[in-house]
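Below you'll find the structure, written out as structure tokens, and then a few comments.
Printed below as a string of structure tokens:
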């Protein structure tokens, strides 16, 4: 940490393979008014409710604000390659649980996929890091932005 910077973090494991948010919506008609209603699918609601039960009280820090950006790192353990890599439902759930004040305060998301076909081994490892900084742009965002052009240049050279 540099002077003027303070960090808080939360590390969690949420069991079960989260459904992709875009696939986790159902549209139905209001029973008396007839207008369309968009709701979470039963599978998405079940995953979210189970995840909410797993989150301990000490993790409910309401991380993030305009002056306290969050770096989110997710390792998603899936059953196979058929499922899309998506953490939108995970961040919504973390917000609903009170781990995040609002998922819009996540400045950077890093995620990777692992495959484990063993039943019960699917889930999401979450690491959320909040930086309270006096800088206009957090140190880790500056470092990422500085390193990115050279990484992209090196990648393009290899094509």
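Numbering (this note's numbering), first residue to last: 304 to 462. All C-beta atoms in this analysis are idealised placements derived from N, C-alpha and C, irrespective of residue type, glycine included.
What would DSSP say about residue 355, mapped onto helix, strand or coil?
If you number the chain shown from 1, residue 355 lands on position 52. Residue state, collapsed to three classes: helix.
Would you mind reading off the limits of the beta strand (DSSP E) that contains residue 375?
Against the chain shown, residue 375 aligns to sequence position 72. 373-381 is the extent of the beta strand (DSSP E) around residue 375.
According to DSSP, is residue 304 part of a helix, a strand, or is it coil?
Translated into positions along the chain shown, residue 304 becomes position 1. Note on residue 304: pLDDT 44, under 50, position unreliable in the model; the coordinate value appears next. DSSP places residue 304 in coil when its eight states are reduced to three.
Buried or exposed, going by whether 16 or more other CB atoms sit within 10 Å of the CB of residue 406?
As a position in the chain shown, residue 406 is number 103, starting the count at 1. So residue 406 counts as buried.
Around the C-beta of residue 388, are 16 or more other C-beta atoms found within 10 angstroms, so that it is buried, or is it exposed?
On the chain shown, residue 388 is found 85 positions in, with the first residue counted as 1. It is exposed - the Cβ of residue 388 has fewer than 16 other Cβ atoms within 10 Å.
Where does residue 365 sit, in a helix, a strand or coil, going by DSSP?
Looking up residue 365 in the chain shown gives position 62. Correct three-state label for residue 365: coil.
For residue 383 and residue 424, the rounded distance between their alpha carbons
In the chain shown, residue 424 corresponds to position 121, counting from 1. In the chain shown, residue 383 corresponds to position 80, counting from 1. Between residue 424 and residue 383, the C-alpha separation is close to 12 Å.
Let me check understanding here. Comparing Cα to Cα, which of 368, 377 and 396 lies closest to residue 417?
For the purposes of this step, residue 417 is identified with residue 114 of the chain shown, where counting begins at 1. Ranking 368, 377 and 396 by Cα distance to residue 417 puts 377 first.
Under the three-state reduction of DSSP, which class applies to residue 408: helix, strand or coil?
By 1-based counting over the chain shown, the position of residue 408 is 105. Residue 408 falls in the helix class under three-state DSSP.
Alpha carbon of residue 404 to alpha carbon of residue 368, nearest angstrom
Residue numbering aside, residue 404 sits at position 101 when the chain shown is read from its first letter. Residue numbering aside, residue 368 sits at position 65 when the chain shown is read from its first letter. If you take the alpha carbons of residue 404 and residue 368, they lie about 7 Å apart.
Where do the N-terminal and C-terminal ends of the alpha helix (DSSP H) with residue 400 fall, by residue?
Within the chain shown, the letter at position 97 stands for residue 400. Residue 400 -> alpha helix (DSSP H) spans 391-400.
Would you mind reading off the limits of the beta strand (DSSP E) that contains residue 420?
Taking the chain shown and counting its residues from 1, the one referred to as residue 420 is at position 117. Counting along the chain, residue 420 falls outside any beta strand (DSSP E), and DSSP gives it neither H nor E.
Taking 8 Å as the cut-off, does the CB of residue 315 come closer than this to any heavy atom belonging to the ligand FMN?
Ligands displayed in this structure: none; no statement on the ligand FMN is therefore possible.
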